[in-house]
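All remarks here apply to the structure that follows.
Protein chains in written order, with the numbering used here: chain F, 232 to 577; chain P, 232 to 577; chain Z, 232 to 577.
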């Protein structure tokens with residue numbers, strides 16, 4: 232999509248300031264966003280850190296989104312690019328990018344090689360890629376896209392404006408609400424890891440894994456992530472939550488809204504992650520844990536079984552996870568002692 | 232499948248007690264299992280924790296599996312549901328679930344879009360899903376199911392009653408025995424991570440990864456897990472072992488029987504995990520390690536190269552893994568010292 | 232492929248010594264490589280550890296690659312196998328294996344069920360497996376193989392002699408140079424994990440993930456690994472780098488040449504890994520980290536955001552990663568104190 236700078240300014244809530252020097256050379260239409268280094272003359276860039284001002288001004292970009300005292304720029308005498316003044320330049324830039332994004336080049340409708348069960352429903356404007364399979368009773372909402380090679384199980388419900396990348400598997404009965412984005416290779420609704428041991432024989436017998444998985448609006452799920460269905464009840468991913476690549480979410484987990492979970496984190500069965508929690512990469516959360524609203528778990532920390540982690544912006548780190556100040560103090564003390572001991576021995 | 236309560240009691244080895252008050256309303260046929268909260272009138276539930284007795288009795292369920300002094304219940308005067316008395320209610324419940332489970336709704340035989348090499352064999356009652364490919368010399372045992380989009384390499388042997396979910400890749404020459412269950416996206420028999428460095432050039436050259444992978448009866452493998460073939464010899468997963476999502480098992484690893492390995496654990500080349508070991512989530516086991524029979528490795532612990540971990544129910548934790556008591560004592564000491572130091576400074 | 236011992240010796244730069252006793256029984260042609268235990272009479276084996284000399288000599292193998300004082304062997308009086316004397320036996324063995332390897336049994340050309348866009352180019356001697364899809368403007372180089380069920384996005388460039396295993400997804404615009412090997416289920420070029428939070432609403436909005444991914448010559452990528460495209464710029468994997476199963480590499484990461492990254496390691500956005508770095512399994516590298524040339528990161532260590540790790544063969548361990556000697560000293564001190572305290576209390 233192409234837009235004029237004035238139209239973009241309006242859409243992203245920025246104020247457009249066009250220096251006189253720029254009027255003649257002003258690109259009539261903006262075609263995309265870019266980094267300072269890679270920008271072309273039809274791109275918009277943004278300035279997050281003042282130290283890049285010089286290179287931003289010297290870039291080929293058509294315009295700069297920034298949060299800035301323009302007077303200060305003016306005194307530099309060299310300002311000849313249009314500026315988009317925004318309270319939060321990075322957010323404004325993200326919105327400009329969304330506005331300018333090329334829509335997926337998917338052919339509408341069902342590809343000739345896809346197999347859609349006669350009882351499945353495909354919404355208006357939806358598309359189903361080559362070799363995809365959609366089973367009995369499944370439905371794909373309006374304008375949603377199912378990638379090539381996806382396996383959509385029986386009675387799966389996919390809402391409107393969802394985007395499912397290639398080779399994703401969704402087990403039967405899973406529900407995705409609207410604007411859910413799933414990256415390639417992710418598996419949704421697989422059996423949870425639940426067994427009962429027969430002590431007489433030593434064998435593990437499978438506990439039923441027949442529950443559901445429900446993924447709410449605006450969730451994004453990373454490549455090769457796995458989310459298990461509930462055992463008897465439901466696994467839930469709340470609205471607006473973002474899940475990175477290779478994350479594992481176990482059965483019966485309940486995740487709130489606007490939670491961020493970085494790559495390779497694992498969340499065991501029946502744990503609860505409340506709204507607005509931030510989870511770093513490679514974090515491990517054992518079963519039956521509660522992470523309270525707004526807590527921040529540092530990368531690689533581990534929360535043992537049954538624990539409750541306080542929220543409200545508190546930061547936790549370590550294995551087992553404890554308040555970061557406490558953990559850092561312990562580590563610093565140990566480092567000092569080890570150093571001191573070395574001196575004593577020398 | 233539907234069964235009468237009497238038939239289920241017989242099959243799962245429980246004793247059926249039907250209170251007089253219940254006889255008239257007794258559901259003629261049980262259709263499934265459920266949680267207390269979600270049960271309908273044709274479902275069985277189970278009671279693991281006495282604190283849920285009240286809600287179990289008040290649920291819609293047709294009957295309750297429990298391990299219980301029935302006299303105590305009788306005195307409550309409110310008992311009007313049939314009971315199934317079992318020594319291990321959760322195990323009895325799992326067995327009832329297996330009994331009542333709906334068989335996969337797969338069409339028997341080979342889907343019209345699957346490609347089965349003329350030298351491959353498909354057993355009686357087996358099914359091959361849409362778009363699956365089965366290469367030269369592979370065989371699929373009786374009643375086994377190959378999901379849509381699976382890639383079954385040359386000379387792969389799949390036993391009887393196996394269930395392979397969609398989009399699984401099995402490299403050439405891998406053997407699965409009977410009743411193996413593999414979840415979506417798993418990769419079996421990929422090349423191990425073995426290279427030899429040419430010190431003259433600094434380049435890594437590939438060490439041959441031409442060995443086999445053998446997976447014994449009753450193994451279950453989680454979604455997007457990866458198990459490498461042996462380099463020159465064989466990688467083995469023993470009978471009854473359960474492997475969770477996103478687990479990595481390297482080349483030449485030998486895993487015994489009835490081992491449980493939780494999500495995102497990684498086991499490096501040539502390590503040996505003996506029978507009945509329990510491995511928590513995100514555990515790291517380096518190469519040439521031995522974990523003795525019955526050892527328990529706590530979540531996120533790490534076992535360095537070449538170490539032997541004692542078995543017999545001993546629990547290990549930490550990085551590097553050490554007996555959990557020792558690890559906890561060290562952590563507690565450090566925490567006390569850090570606290571004490573704070574007081575001293577105040 | 233079959234070769235005589237003399238030809239193999241020449242190709243791998245080893246010196247062939249044929250004892251008189253062996254000449255009559257000398258296998259005319261070598262067919263493969265094997266371990267000592269599994270070798271047949273047409274196989275070559277290698278000796279890395281002198282303690283296996285006896286079993287190597289007693290094996291069925293046709294010849295042994297070794298680095299050895301042959302006089303010492305001669306005095307044993309039992310030496311009757313041909314020997315291939317090499318400065319680095321394991322490397323010579325790896326090269327013999329490469330020489331003797333059976334080429335992939337792929338049918339040349341495009342499988343009848345694959346879908347290749349009319350604007351895509353397939354090189355001479357290349358092969359595209361069943362059910363694969365290759366989109367608009369993509370190109371596959373000479374002699375490269377695309378496995379069954381792979382999804383090759385628009386404008387993807389795949390060089391010569393690449394091997395892409397089944398069910399791999401490559402997003403649009405990714406470039407692979409020559410001799411790149413990608414294992415099953417890997418995802419290349421997925422969106423990075425980048426959002427901007429609107430503090431007013433608490434919602435995370437997607438930061439554009441429109442950059443590229445470039446993978447240089449001789450890289451190998453493990454099963455179910457995920458590598459994200461750049462956000463605005465490029466993610467780069469340097470020549471000769473080896474990436475194990477289930478590794479995650481985030482957006483804008485730049486990895487140098489001949490780097491080795493073991494299974495389940497995660498590298499966050501915008502980090503730089505210089506040439507010849509060795510990264511153990513389950514390592515976590517946060518964003519904006521620099522790992523200098525030749526550094527060694529022990530398994531499970533964690534490098535916090537923004538840190539620089541010194542190179543030149545230095546080994547780091549722990550969370551946060553510190554020089555291994557310091558980390559081990561601290562751990563030893565703590566263990567001694569915890570033990571001492573116990574004695575004091577007894």
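Just so it is clear, CB atoms sit at the ideal spot from N, CA and C, and this is done for glycine as well.
Would you give the residue range spanned by the beta strand (DSSP E) that residue i belongs to?
{"i": "residue 445 of chain Z", "result": "443-446"}
{"i": "residue 467 of chain P", "result": "465-468"}
{"i": "residue 189 of chain P", "result": "Lying outside 232 to 577, the shown extent of chain P, residue 189 of chain P is not represented and no answer is given."}
{"i": "residue 246 of chain P", "result": "246-248"}
Label residue i either buried or exposed according to how many other C-beta atoms from any shown protein chain fall within 10 Å of its C-beta, with 16 as the threshold for buried.
{"i": "residue 372 of chain P", "result": "buried"}
{"i": "residue 271 of chain P", "result": "exposed"}
{"i": "residue 350 of chain P", "result": "exposed"}
{"i": "residue 558 of chain P", "result": "buried"}
{"i": "residue 430 of chain F", "result": "exposed"}
{"i": "residue 246 of chain P", "result": "exposed"}
{"i": "residue 355 of chain Z", "result": "exposed"}
{"i": "residue 339 of chain F", "result": "exposed"}
{"i": "residue 342 of chain P", "result": "buried"}
{"i": "residue 289 of chain F", "result": "exposed"}
{"i": "residue 562 of chain P", "result": "buried"}
{"i": "residue 286 of chain F", "result": "exposed"}
Do we get a CB-CB distance below 8 angstroms when we pair residue i with the residues of chain Z?
{"i": "residue 344 of chain F", "result": "yes"}
{"i": "residue 554 of chain F", "result": "no"}
{"i": "residue 565 of chain P", "result": "yes"}
{"i": "residue 322 of chain F", "result": "yes"}
{"i": "residue 449 of chain P", "result": "no"}
{"i": "residue 421 of chain P", "result": "yes"}
At a Cβ threshold of 8 angstroms, is residue i touching chain F?
{"i": "residue 455 of chain P", "result": "yes"}
{"i": "residue 362 of chain Z", "result": "yes"}
{"i": "residue 572 of chain P", "result": "yes"}
{"i": "residue 473 of chain P", "result": "yes"}
{"i": "residue 326 of chain P", "result": "yes"}
{"i": "residue 388 of chain Z", "result": "no"}
{"i": "residue 561 of chain Z", "result": "yes"}
{"i": "residue 416 of chain Z", "result": "yes"}
{"i": "residue 329 of chain P", "result": "yes"}
{"i": "residue 245 of chain Z", "result": "no"}
{"i": "residue 272 of chain P", "result": "no"}
Listing by chain order, which chain B residues have their CB less than 9 angstroms from the CB of residue i?
{"i": "residue 410 of chain F", "result": "Among the protein chains in the structure shown, which are F, P and Z, there is no chain B."}
Quick one: does residue i have its CB under 8 angstroms from some CB of chain P?
{"i": "residue 338 of chain Z", "result": "no"}
{"i": "residue 477 of chain Z", "result": "yes"}
{"i": "residue 568 of chain Z", "result": "yes"}
{"i": "residue 579 of chain Z", "result": "Summary: the structure shown does not reach residue 579 of chain Z, with chain Z confined to residues 232 through 577, and so no result is reported for it."}
{"i": "residue 266 of chain Z", "result": "yes"}
{"i": "residue 463 of chain F", "result": "yes"}
From which residue to which residue does the alpha helix (DSSP H) around residue i run?
{"i": "residue 238 of chain F", "result": "236-243"}
Pick out the complete beta strand (DSSP E) segments inside the stretch 371-458 of chain P, 3 residues or longer, and give them in chain order. Correct list: 418-421, 426-429, 434-437, 443-446.
Residues from the stretch 520-549 of chain P in contact with chain F, defined by Cβ distance under 7 angstroms: Going along the stretch 520-549 of chain P in chain order, one finds 530, 531 with a Cβ nearer than 7 angstroms to chain F.
Mind pulling the beta strand (DSSP E) runs of 3 or more residues that sit fully within the stretch 290-361 of chain P? Look at the stretch 290-361 of chain P and you find these whole runs of beta strand (DSSP E), each 3 residues long or longer: 294-297, 314-316.
Give, in chain order, every residue of the stretch 280-301 of chain Z whose Cβ lies closer than 8 angstroms to some Cβ of chain P. Listed in chain order, the positions of the stretch 280-301 of chain Z with a beta carbon within less than 8 angstroms of a beta carbon of chain P would be empty, since no residue qualifies.
If contact means a Cβ-Cβ distance below 7 angstroms, which residues of the stretch 489-515 of chain F contact chain Z? 489, 491, 493, 494, 495, 507, 512, 513: these are the residues of the stretch 489-515 of chain F whose beta carbon lies less than 7 angstroms from some beta carbon of chain Z, given in chain order.
Against chain Z, which members of the stretch 395-409 of chain P pass a CB distance test of less than 8 angstroms? Hits within the stretch, in order: 398, 400, 402.
At 3 residues or longer, what runs of the beta strand (DSSP E) sit wholly inside the stretch 496-552 of chain P? Runs of the beta strand (DSSP E) inside the stretch 496-552 of chain P: 546-548.
Against chain Z, which members of the stretch 371-383 of chain P pass a CB distance test of less than 7 angstroms? Cβ contacts with chain Z come from 380, 382.
Which residues, taken in chain order from the stretch 427-445 of chain F, show a beta carbon closer than 7 angstroms to some beta carbon of chain P? Using a CB distance below 7 angstroms, the part of the stretch 427-445 of chain F facing chain P consists of 427, 429, 433, 434, 435, 436, 437, 438, 439, ordered along the chain.
Can you pull out the residues from the stretch 348-362 of chain P whose beta carbon lies closer than 7 angstroms to at least one beta carbon of chain F? Residues 361, 362.
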